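>
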Amino acid sequence: MIQRSGFWWPVDDDWCWRVIHDEVPDLERTIALARGRDVAVQAGGNVGVWASYLAARFKQVVTVEPDAANYECLLRNIPANVTAQRAGFGAKPGSVALVNVSGNAGAHYIGDGATGDIPVITIDSLALEACDLLCLDIEGHEPHALLGAEATIRRFRPVITFEEKGLSERYYGVARDTAERWLIGLGIGYKVNAKVRADVVMTCPAA
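Residue numbering for the sequence shown follows the working numbering, beginning at 297 and increasing consecutively.
1. Could you give the DSSP three-state label for threonine 326: helix, strand or coil?
2. Enumerate in chain order the residues of its own chain whose CB-to-CB distance from proline 415 is below 7 Å, with the five nearest sequence positions on each side excluded.
3. Work out the CA separation of arginine 472 and glutamine 237 for me, nearest whole Å.
4. Drop a sphere of 10 angstroms on the beta-carbon of proline 375, count the other beta-carbons inside from all chains shown, and report buried for 16 or more, exposed for fewer.
5. With respect to the alpha helix (DSSP H) encompassing asparagine 396, which residues constitute its N-terminal and C-terminal limits?
6. Within its chain, find whatever has a CB closer than 8 Å to the CB of glutamine 299; leave out the 5 residues flanking it on each side and keep chain order.
7. Taking the alpha-carbon positions, what's the isoleucine 419 to arginine 451 distance?
8. For the region 404-448, list the alpha helix (DSSP H) runs that are entirely contained and at least 4 residues long, ordered along the chain.
9. Does DSSP classify glutamate 319 as helix, strand or coil?
10. For cysteine 431 versus valine 337, is the C-beta distance shorter than 8 Å?
11. Would you say threonine 359 touches the ligand PLP, meaning its beta carbon is less than 7 Å from a heavy atom?
This is how it looks when you write it as structure tokens:
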């Protein structure tokens, strides 16, 4: 690993470290919509840049990262109020293989139907006592992760932001806008509040 811009990175990453710091401040618009500042759930953890940013604004941050090299860096980078696991978020527990994208530590993605040794957990299994923000940038796996978070979403109605640039369709055959339509279909009041770059920000009235 190598240290760049104050964070440890996998030595073979040539792209993500160059652009990530320009994108992180976009979170401020989303954070401002959160009703509380207790718990934020964030994925993919990557090397911890996003989680560290949120850790300065929330009491606790929970993150997951499936890639071994990223995860090793993440553990070195995150502050004490971030809880991390080497795993991916999905609709149900299981295990998967990861498809690695050469030169870009932020572009690895879970293989569609591929078996492997990387744990998949649900957000509901975290049994959170609060959830104020759910922030997902997991290369097209966002619709699956949201399915595994339904109980958490219904209970806490967090602000939810997720990346939408067609990767769910490319990698998993899940149509673009599926995550957005699913959240609206819950019938508890979620609506699109903003679109920032490739991210959709959705909010819901308090229960």
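Glycine included, every Cβ here is placed at the ideal spot set by N, Cα and C.
Predicted model only: the values in this text are computed from it and were never measured.
For this structure:
1. helix
2. Ala383 and Ser391
3. This structure does not reach residue 237, given that the chain is present from 297 up to 503, and the question cannot be answered.
4. exposed
5. Per DSSP, asparagine 396 belongs to no alpha helix (DSSP H) and is neither H nor E.
6. Trp305
7. 12 Å
8. 438-443
9. helix
10. yes
11. The ligand PLP is not part of the structure shown, which contains no ligands of any sort.
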